[in-house]
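Heads up: the sequence shown begins at 1 in the numbering used here, then just goes up one per residue. Glycine residues also receive a C-beta, built at the ideal position from the N, C-alpha and C atoms. It should be emphasised that the depicted structure is a prediction, and the values quoted were computed from it without experimental measurement.
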Amino acid sequence: MAMHRTDDERLARPAVLIVDDDELMRRLLARRLEGHGFDAVCFDDPRLLLASLGDRPPAGIFTDLEMPGLDGIGVTASAREAGYAGFVALVTAETDTSRIGEAVAAGADCVLFKPVGGRELAVAAARIAARRPRDGRLDAVVSALRRVDQGAMLLDGNRGVIFANREARRILGADDPAGFAEAVARCCPSGLVRSSLEAKPAVTYSDILLPKDGTRLLVGLEAHRLASDGSIVHLVLLHDFSRWRRFDDVRTRFATSLSHRMRTPLTSARNAVRLLSDAERPVPVEQRERLLEIGWRNIERLVENLDELQKVFMIESEETEVARTLARLDALVKRHLAGLDEQGAIRGFRMRAPGVTALVGRGRLRDFLSAAAASLAKWAGEAPFVECSASIREDFHDAGGIDRRIKLVLRPRLRSRGSDGPSLGEFLSCDEAHRGLVLARLAAALDGDLDLGAGGAITLLLPLHPAFDREKDLVKPMHMMAERAELAGLPFRLVSLRLVGAIDDAVRFSRLVESSLCREIGDDCAVSRSDEPLGYSVFVAGEPVGGIDGLMRSVRKRFETACRRSGEEIYPTVRWEIRFSREANEHTECPRLDIPALETV
């Protein structure tokens, strides 16, 4: 075997393989391909060339047609069978069209006639270069890198830029292609891609000067070799260490703020208690009342701060998960706003909402309303009068269909706040970012979206028809209601209720049956979405079997009355069955949650 390699600095070039039993022809073709920017590797034995394909998939293969043992047609066919999809050129001095046809049928991309050179070779080199970016796998990598926040770019063997995402352009401080290519050449040394090519650790660091504002960034560069249809592509990841420093600054400020918010009320309460407990220096009655008031006020501040801290750390846990139950949204919100008014958290409220039912996590909705009221009060600097409104919002999809959501808006009526302060969105994103974080997480737990729009309004968008979720609609409500029944010594039933015969306007009928359920079912019941279409799971504590039938008949009667009042002549019927039943004296574990396995009474 005779093999020709270029020097180390040219190892990063795209590789082409040459096989010919004529050494002079091999060397001549290798020298000319190197002039076109390739690293030429020569073989005199076709079997050795085929064995090397797995080590370093080349950008192209140039094979002689007539060789002893295995000819060029056999080389081409074997390479294609081995999965090589790169460029293959057949080199020959013959003009036999049948043999040339066999080579093309075996998978050759073109036929070059000896001596190869000039325009013919330049066209073949251009075809190899143009072939590489059209690799489907490379396109998939590019598509993925567009969406990541990590700075990333794809370079060829000559450190030419194939692709760079937005974050990479930001880090290197260049948007135009020429400026970016210059920045890559300046900060990405050839040794990095050479180490990547040789499967060695390929990591380096660069201190980058941003020309726009003159600032400097410490950037880490990490290169990985990708094999792509015979071409060598390097994935280079850019790590902006200045972001890590900013994160450390944020963490330090958070710790400092937390320490201040906790230490100040603790210190004030401790000093007040110390003065009150000093037996050697009795405190006058007037001063004692003042110290007691100081101690109480600071303990309240401490409890409030601890509650906020608990909510912040609750975000990363599963504590924000909910058990969804059916509720009259206007009644639920109005009842909780009245409680906030009694506590002094708000200074009155006005409620404007239609009588709409919703499948929500009641506890988490109350948490959201409390957090929203506290955020509005903090922003306004006083307990606000709250304007609350609810409406149905419809969004039309481009592909067809309507997304209906409940829009719940809380807006403060302010008395003295000026216009020079931050907007509510800015306040909850910067000044009190933890409050905005808690609101966003609670909204997500409710399957909704948070919107901090203009005018100082907090908007919660809830799905009007959420899809069945096994954890939220079956597992958690069943555990909750079974535990409540066990603690109270009451029987527990799981009832499956469904609408039968609803073909047209099924959504409207489901709203009517939901309204009927809300009017008939009390606090000892919970209603969730069923996995069946137009079906519901009703969890009942404290009702005997006969009482269940009476309750469901009342629901059916109210539903039929609502249908007739709305002018319906034909409407579906309501059917039910008890899927699980446990009496008060039965000491069993919480019922199994596989619906088909539940006992039917």
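Buried versus exposed call for residue 557 [16 or more other C-beta atoms within 10 Å across all chains shown]: One-based indexing of the sequence shown puts residue 557 at position 557. Classification of residue 557: exposed, given that the 10 Å Cβ count is below 16.
Which residue marks the beginning of the alpha helix (DSSP H) containing residue 330, and which one marks its end? Here residue 330 refers to the residue found at position 330 when the sequence shown is read from its first residue. Taken as a continuous stretch (DSSP letters only), the alpha helix (DSSP H) holding residue 330 covers 329-343.
Taking only the alpha-carbon atoms, compute the straight-line gap between residue 22 and residue 121 and give it to the nearest angstrom. Taking the sequence shown and counting its residues from 1, the one referred to as residue 22 is at position 22. Taking the sequence shown and counting its residues from 1, the one referred to as residue 121 is at position 121. C-alpha of residue 22 to C-alpha of residue 121: approximately 19 Å in a straight line.
Go through its chain and collect everything with a Cβ distance to residue 87's Cβ below 6 Å, but skip five positions before and after it. Stepping through the sequence shown from its first residue, residue 87 is reached at position 87. Cβ-Cβ distances below 6 Å link residue 87 to 60, 109, 128, 131 in the same chain, with the five nearest sequence neighbours on each side left out; the list follows chain order.
Please work out which residues of its chain come closer than 7 Å, Cβ to Cβ, to residue 79, disregarding the five sequence neighbours upstream and downstream, and give them in chain order. Numbered from 1 along the sequence shown, position 79 holds the residue referred to as residue 79. Only 50, 53, 61, 88 meet the Cβ criterion.
Hey, residue 506 and residue 492: beta-carbon distance below 8 Å or not? Indexing the sequence shown from 1 puts residue 506 at position 506. Indexing the sequence shown from 1 puts residue 492 at position 492. Residue 506 places its beta carbon 8 Å or farther from that of residue 492.
Cut-off 7 Å between Cβ atoms - residues of its own chain near residue 573, not counting five sequence neighbours on either side: Here residue 573 is taken as the residue at index 573 of the sequence shown, counted from 1. Hits under 7 Å: 500, 501.
Could you give the distance in angstroms between the alpha-carbon of residue 394 and the alpha-carbon of residue 520? Along the sequence shown, one-based indexing puts residue 394 at 394. Along the sequence shown, one-based indexing puts residue 520 at 520. So the alpha carbons of these two residues sit roughly 29 Å apart.
Reduced DSSP secondary structure (H/G/I, E/B, other) of residue 579: The count along the sequence shown starts at 1 and reaches residue 579 at position 579. Of the three classes helix, strand and coil, the one that applies to residue 579 here is strand, per DSSP.
Using a Cβ distance threshold of 8 Å, determine whether the region 253-265 contacts the region 287-302, with at least three qualifying pairs required. As far as the Cβ criterion goes, the region 253-265 touches the region 287-302, which means the pair count is three or higher.
What distance in whole Å lies between the Cβ atoms of residue 369 and residue 325, which are believed to be in contact at a cut-off of 8 Å? For the purposes of this step, residue 325 is taken as residue 325 along the sequence shown, with counting starting at 1. For the purposes of this step, residue 369 is taken as residue 369 along the sequence shown, with counting starting at 1. With 8 Å as the limit, residue 325 and residue 369 do not qualify as a contact, their Cβ atoms being about 16 Å apart.
Output yes or no for whether 8 Å exceeds the beta carbon distance between residue 218 and residue 238. Locating residue 218 in the sequence shown gives position 218, counting from the first residue. Locating residue 238 in the sequence shown gives position 238, counting from the first residue. Annotated as distal: residue 218 and residue 238, with beta-carbon spacing of 8 Å or more.
Please give the ranges of any alpha helix (DSSP H) in the region 457-529, keeping only runs that are unbroken, at least 4 residues long and fully inside the region. Segments of the alpha helix (DSSP H) lying fully in the region 457-529: 476-488, 506-520.
In terms of alpha-carbon separation, which member of 197, 77, 45 lies closest to residue 68? In the sequence shown, residue 68 corresponds to position 68, counting from 1. Minimum Cα distance to residue 68 is reached at 45.
Closest to residue 223 by C-alpha separation, out of 213, 211, 190, 243, would be which residue? Walking along the sequence shown from the start, residue 223 turns up at place 223. The shortest C-alpha separation from residue 223 is found at 190.
Alpha-carbon spacing of residue 161 relative to residue 153, whole angstroms: If you number the sequence shown from 1, residue 161 lands on position 161. If you number the sequence shown from 1, residue 153 lands on position 153. Residue 161 and residue 153 have their alpha carbons spaced roughly 7 Å apart.
Leaving aside the five residues before and after residue 295 along the sequence, list all residues of the same chain whose C-beta is less than 8 Å from its C-beta, in chain order. For this step, residue 295 is matched to residue 295 along the sequence shown. Cβ within range, chain order: 268, 269, 272, 273, 276.
Would you tell me roughly how many angstroms separate the C-alpha atoms of residue 584 and residue 471, rounded to the nearest one? To locate residue 584, count along the sequence shown from 1; it is residue 584. To locate residue 471, count along the sequence shown from 1; it is residue 471. If you take the alpha carbons of residue 584 and residue 471, they lie about 25 Å apart.
Could you give the DSSP three-state label for residue 392: helix, strand or coil? Position 392 of the sequence shown, counted from the first residue, corresponds to residue 392. Residue state for residue 392 is assigned as strand, using DSSP reduced to three classes.
How long is the line joining the alpha carbons of residue 32 and residue 77, rounded to whole angstroms? Against the sequence shown, residue 32 aligns to sequence position 32. Against the sequence shown, residue 77 aligns to sequence position 77. In a straight line, the C-alpha of residue 32 is about 26 Å away from that of residue 77.
Entirely enclosed beta strand (DSSP E) segments - the region 133-193, minimum 3 residues: DSSP runs (the beta strand (DSSP E)) wholly in the region 133-193: 151-155, 161-164.
Please report the straight-line C-alpha distance between residue 488 and residue 480, rounded to a whole angstrom. For the purposes of this step, residue 488 is taken as residue 488 along the sequence shown, with counting starting at 1. For the purposes of this step, residue 480 is taken as residue 480 along the sequence shown, with counting starting at 1. Cα to Cα, residue 488 sits roughly 13 Å from residue 480.
Among 538, 372, 293, which residue has its Cα nearest to the Cα of residue 459? Looking up residue 459 in the sequence shown gives position 459. Ranked by how close their Cα comes to the Cα of residue 459, the residues 538, 372, 293 have 372 in first place.
Please classify residue 497: is it buried, with 16 or more other beta-carbons within 10 angstroms of its beta-carbon, or exposed? Against the sequence shown, residue 497 aligns to sequence position 497. With 16 or more Cβ atoms within 10 Å of its Cβ, residue 497 is classed as buried.
Boundaries (first-last residue) of the beta strand (DSSP E) holding residue 541: Translated into positions along the sequence shown, residue 541 becomes position 541. Element bounds for residue 541: 535-541.
Close beta carbons around residue 530, own chain, < 6 Å, minus the five adjacent residues each side: The sequence position of residue 530 within the sequence shown is 530, counting from 1. Same-chain partners within the cutoff: 536, 537.
Would you list the one or two residues that DSSP bridges to residue 351? Taking the first residue of the sequence shown as position 1, residue 351 is located at position 351. Under DSSP, the beta-bridge partners assigned to residue 351 are 388.
Classify residue 473 as buried or exposed, calling it buried when 16 or more other Cβ atoms lie within 10 Å of its own Cβ. As a first step, residue 473 must be located in the sequence shown, where it is residue number 473. If you draw a 10 Å sphere on the C-beta of residue 473, you find 16 or more other C-beta atoms in it, and that means buried.
Say whether the region 323-337 touches the region 348-359, bearing in mind that this needs 3 or more beta-carbon pairs closer than 8 Å, one atom from each stretch. Flag = yes, the region 323-337 and the region 348-359 touch.
Roughly how many angstroms separate the alpha carbons of residue 206 and residue 252, rounded to a whole number? Working through the sequence shown from its first residue, we reach residue 206 at position 206. Working through the sequence shown from its first residue, we reach residue 252 at position 252. C-alpha of residue 206 to C-alpha of residue 252: approximately 27 Å in a straight line.
Should residue 424 and residue 388 be called a contact, given that it needs their Cβ atoms to be closer than 8 Å? Taking the sequence shown and counting its residues from 1, one reaches residue 424 at position 424. Taking the sequence shown and counting its residues from 1, one reaches residue 388 at position 388. Residue 424 is not a Cβ neighbour of residue 388, given a cutoff of 8 Å.
Using C-beta distances below 6 Å, list every residue in its chain close to residue 174, excluding the 5 sequence neighbours before and after it, in chain order. As a position in the sequence shown, residue 174 is number 174, starting the count at 1. Hits under 6 Å: 180, 183.
So for residue 97, helix, strand or coil by DSSP? What you label residue 97 is simply residue 97 of the sequence shown in a count that begins at 1. In the three-state reduction of the DSSP assignment, residue 97 falls in the helix class.
Per DSSP, residue 19 forms a beta bridge with which residues? Numbered from its first residue, the sequence shown carries residue 19 at position 19. In the DSSP output, where bridge partners are listed per residue, residue 19 has 43, 63.
Can you find the residues in the same chain that come closer than 6 Å, C-beta to C-beta, to residue 28, ignoring five residues on each side of it along the sequence? Numbered from 1 along the sequence shown, position 28 holds the residue referred to as residue 28. Spatial neighbours of residue 28 in its own chain (CB-CB distance under 6 Å, excluding positions within 5 residues in sequence) are not present.
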